[in-house]
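Read the structure below first, then the notes.
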Amino acid sequence: EKGGYEYFMLKEIVEQPRAVADTLLGRVGVDGTLTLDEMRLAPSELRDVEKIVIIAAGTSFHAGMIAKYAIEHWCRVPCEVEVASEFRYRDPILNRQTLVIAISQSGESMDTLMAVRYAREQRARVLAICNVNGSTIPRESDGVLYTHAGPEVGVAATKTFLTQLVACYLVGLYLAQVRTVKFGDEINAVIAQLANMPEQVENVLATIDPVRQLARSLSDASTVLFLGRHVGYPVALEGALKLKELAYMHAEAFAAGELKHGPIALIEDGLPVVVVVPSREGRGVLHDKIVSNIQEIRARGARTIVIAEEGDTAVHPFADELIEIPAVPTLLQPIISTIPLQVFACELALAKGNDVDQPRNLAKSVTVE
Ligand code: BG6
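Residue numbers are given in full-length UniProt numbering: position 281 of the sequence shown equals residue 529, and the series is strictly consecutive.
Now the structure itself:
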């Protein structure tokens, strides 16, 4: 069952290249044409969309946060993202021109399901992004895009998160094509890069062993902070969540630009801080700002653990530990930058003797509100 691995989580992390390939399978034509018929939303309906609202919980919420950056950039449609448990209690503004995207691995989370029901009552169109075929949320939605990651047994989401990202990118790119807002070079280039992601995921996994040793060296830390910017911010949140779920450690993530507005006061000698550095392509300003952040926290004693692109020499002088990942387009970086954080949390949890498949107090799908 576990394919020779001691835990499902380890198996599921290693399965990610195939999972990502399966999400793409049959959906990306050789010429870059996207086929997403199961969405059951006609191009005319998609052209009428005036606002997108993404609802999700936990790790799926982090996928939604990343989707917002991609969709607004590619499609120029305003996009909100909200945790499902808050959504229907604040009187959200929805109508026929609103596309609600509900992201749920299990398709059964009660918070997300109730938000879907509420959205449909308000006459919004609802698209589900789910992993479990025939589950409740896709059945109650107008359309669905399955992630096809295969069954995930580990309670903490890994391969389903990467495939949710891929599904969100497919929706965003398809919407951009249909609405022809930015049709052409950029969209086609991203589609080609997306099709190449299984290979990039494989490349990251091939170089992951040093992360395991690093994690083990941190098993006595009382807290770990995570910093990121742009799409690296939700990745930082996901890294912190994984550490809480699996290693039962206090962990917190911040948008790196917020550091100076408070969290920098937490920095003290030896405090481990994981920094997700944005790609240099197209986001040079953010890259430089985060390099300054790393410099600032290190000067105050932090032990900096830096995830950056290969050859990003600007970060080298300030990285106590360097985790290199391949250079990919900025918006797609979360697909690969998340992997070291999964391995980091998993290994730290194992070092503490925790059961990474069945963390205490958690359930794979939460069917109460
Ligand atoms: C939690 C799970 O309770 O539900 C998380 O433990 C998951 O791993 C979250 O991210 C949301 O679940 P789903 O199935 O709606 O994506």
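Glycine included, each C-beta is placed from N, C-alpha and C at the ideal position.
Subject >> Cross-strand partners of residue 612 (DSSP beta bridge) >> reply: Stepping through the sequence shown from its first residue, residue 612 is reached at position 364. According to DSSP, which records beta bridges pairwise, residue 612 is partnered with nothing at all.
Original post:
Taking Cβ positions, are residue 555 and residue 533 nearer each other than 7 Å?
Top reply: Sequence index remark: in the sequence shown, residue 555 carries index 307 (1-based). Sequence index remark: in the sequence shown, residue 533 carries index 285 (1-based). Their beta carbons are not under 7 Å apart, which means residue 555 does not touch residue 533 by this criterion.
Original post:
Taking the alpha-carbon positions, what's the residue 292 to residue 426 distance?
Top reply: The residue given as residue 292 occupies position 44 in the sequence shown. The residue given as residue 426 occupies position 178 in the sequence shown. Spanning the two alpha carbons is a distance of roughly 9 Å.
Original post:
What three-state label does DSSP hand residue 426 in the structure shown?
Top reply: As a first step, residue 426 is located in the sequence shown; it is residue number 178 there, counting from the start. Reduced to three states, the DSSP call for residue 426 is helix.
**OP:** Would you identify the three-state DSSP class for residue 520, choosing helix, strand or coil?
**Re:** Taking the first residue of the sequence shown as 1, we reach residue 520 at position 272. The answer is strand: DSSP assigns residue 520 an E or B state.
Subject >> Of the listed residues 471, 562, 348, nearest to residue 366 (C-alpha basis) >> reply: As a position in the sequence shown, residue 366 is number 118, starting the count at 1. Nearest option by C-alpha distance: 348.
Original post:
For ligand 1, is there a heavy atom less than 6 Å away from the beta-carbon of residue 615?
Top reply: As a first step, residue 615 must be located in the sequence shown, where it is residue number 367. Residue 615: no, Cβ never under 6 Å from ligand 1.
Subject >> residue 307 CB to nearest heavy atom of ligand 1 below 6 Å >> reply: For the purposes of this step, residue 307 is taken as the residue at position 59 of the sequence shown. Yes, ligand 1 has a heavy atom inside 6 Å of this Cβ.
**OP:** Taking residue 439 as part of the alpha helix (DSSP H), name the residues at either end of that continuous run.
**Re:** Counting from 1 along the sequence shown, the entry for residue 439 is found at position 191. Element bounds for residue 439: 433 to 443.
Original post:
The alpha helix (DSSP H) with residue 592 in it runs from where to where?
Top reply: For the purposes of this step, residue 592 is identified with residue 344 of the sequence shown, where counting begins at 1. Segment 581 to 599, the alpha helix (DSSP H) holding residue 592.
**OP:** Report buried or exposed for residue 277, applying the criterion of at least 16 other Cβ atoms within 10 angstroms of its Cβ.
**Re:** In the sequence shown, residue 277 corresponds to position 29, counting from 1. Answer is exposed; the Cβ neighbour count stays below 16.
**OP:** Kindly indicate which three-state DSSP category residue 258 falls into: helix, strand or coil?
**Re:** Start at 1 with the first residue of the sequence shown, and residue 258 comes out as number 10. If DSSP states are grouped into helix, strand and coil, residue 258 belongs with the helices.
Original post:
In the stretch 293 to 329, which residue ranges form an unbroken beta strand (DSSP E) of at least 3 residues, counting only runs that do not cross its ends?
Top reply: 299 to 304
Original post:
Is any heavy atom of ligand 1 found at a distance shorter than 6 Å from the C-beta of residue 585?
Top reply: Taking the sequence shown and counting its residues from 1, one reaches residue 585 at position 337. Incorrect: residue 585 has no Cβ contact closer than 6 Å to ligand 1.
Subject >> For residue 314 and residue 340, the rounded distance between their alpha carbons >> reply: Reading the sequence shown from its first residue, position 92 is the one you call residue 340. Reading the sequence shown from its first residue, position 66 is the one you call residue 314. Whole-angstrom Cα-Cα distance: 21 Å.
**OP:** Inspect the beta-carbon positions of residue 359 and residue 333 and report whether they are closer than 7 Å.
**Re:** Taking the first residue of the sequence shown as position 1, residue 359 is located at position 111. Taking the first residue of the sequence shown as position 1, residue 333 is located at position 85. Going by C-beta atoms, residue 359 is nearer than 7 Å to residue 333.
**OP:** Kindly list the residues whose CB is nearer than 8 Å to the CB of residue 364, restricted to its own chain and excluding five residues on each side of it in sequence; keep chain order.
**Re:** Numbered from its first residue, the sequence shown carries residue 364 at position 116. Excluding sequence neighbours, residue 364 sits near 303, 348, 350, 374, 376, 385, 388, 389.
Original post:
Closest to residue 451 by CA distance: which of 252, 256, 250, 265 is it?
Top reply: Within the sequence shown, the letter at position 203 stands for residue 451. The option with the nearest alpha carbon to residue 451 is 265.
Subject >> Reference residue 520; option with closest CA among 559, 567, 272, 258 >> reply: Sequence index remark: in the sequence shown, residue 520 carries index 272 (1-based). When each option's Cα is compared against that of residue 520, the closest is 567.
Original post:
Would you call the CB atoms of residue 548 and residue 504 closer than 7 Å?
Top reply: Position 300 of the sequence shown holds residue 548. Position 256 of the sequence shown holds residue 504. No, the pair does not count as a contact, with Cβ atoms beyond the cut-off.
Subject >> Where residue 345 falls, given that 16 or more other Cβ within 10 Å makes a residue buried >> reply: Residue numbering aside, residue 345 sits at position 97 when the sequence shown is read from its first letter. Classification of residue 345: exposed, given that the 10 Å Cβ count is below 16.
Subject >> residue 366, enclosing alpha helix (DSSP H) - first and last residue >> reply: Residue numbering aside, residue 366 sits at position 118 when the sequence shown is read from its first letter. 358 to 369 is the extent of the alpha helix (DSSP H) around residue 366.
**OP:** Just mark residue 481 as buried or exposed, buried being the case when its beta carbon has 16 or more other beta carbons within 10 Å.
**Re:** The residue given as residue 481 occupies position 233 in the sequence shown. Label assigned to residue 481: buried.
Subject >> Within-7 Å CB hit, residue 379 to chain C >> reply: Going by chain labels, chain C is absent from the structure shown, which holds only one protein chain.
Subject >> Enclosing beta strand (DSSP E) for residue 391 [first to last residue] >> reply: Taking the sequence shown and counting its residues from 1, the one referred to as residue 391 is at position 143. Run containing residue 391: 391 to 394, per the beta strand (DSSP E) assignment.
Subject >> Extent of the continuous alpha helix (DSSP H) to which residue 566 belongs >> reply: Your numbering for residue 566 matches position 318 in the sequence shown. Neither: residue 566 is in no alpha helix (DSSP H) and is coded neither H nor E.
Subject >> residue 248 versus residue 560: straight-line alpha-carbon distance, rounded >> reply: The chain is shown from 249 up to 617; residue 248 falls before or after that span and cannot be answered.
Original post:
Using CA coordinates, which residue listed in 420, 602, 432, 370 is at the minimum distance from residue 279?
Top reply: One-based indexing of the sequence shown puts residue 279 at position 31. Looking at the Cα atoms, 432 is the closest of the given residues.
Original post:
Got a sec: does ligand 1 put a non-hydrogen atom nearer than 6 Å to the Cβ of residue 610?
Top reply: Residue mapping note: residue 610 aligns to position 362 of the sequence shown, counting from 1. Checking the Cβ of residue 610 against ligand 1 gives yes.
**OP:** Say yes only if the C-beta of residue 405 is nearer than 6 Å to one or more non-hydrogen atoms of ligand 1, and no if none qualify.
**Re:** Stepping through the sequence shown from its first residue, residue 405 is reached at position 157. Flag set: Cβ of residue 405 near ligand 1.
Original post:
Can you tell me the Cα-Cα spacing of residue 294 and residue 490, whole angstroms?
Top reply: Residue numbering aside, residue 294 sits at position 46 when the sequence shown is read from its first letter. Residue numbering aside, residue 490 sits at position 242 when the sequence shown is read from its first letter. Roughly 35 Å separates the two Cα atoms.
Subject >> Pairwise C-alpha distance: residue 612 and residue 404 >> reply: Within the sequence shown, residue 404 is the residue found at index 156, counting from 1. Within the sequence shown, residue 612 is the residue found at index 364, counting from 1. Between residue 404 and residue 612, the C-alpha separation is close to 7 Å.
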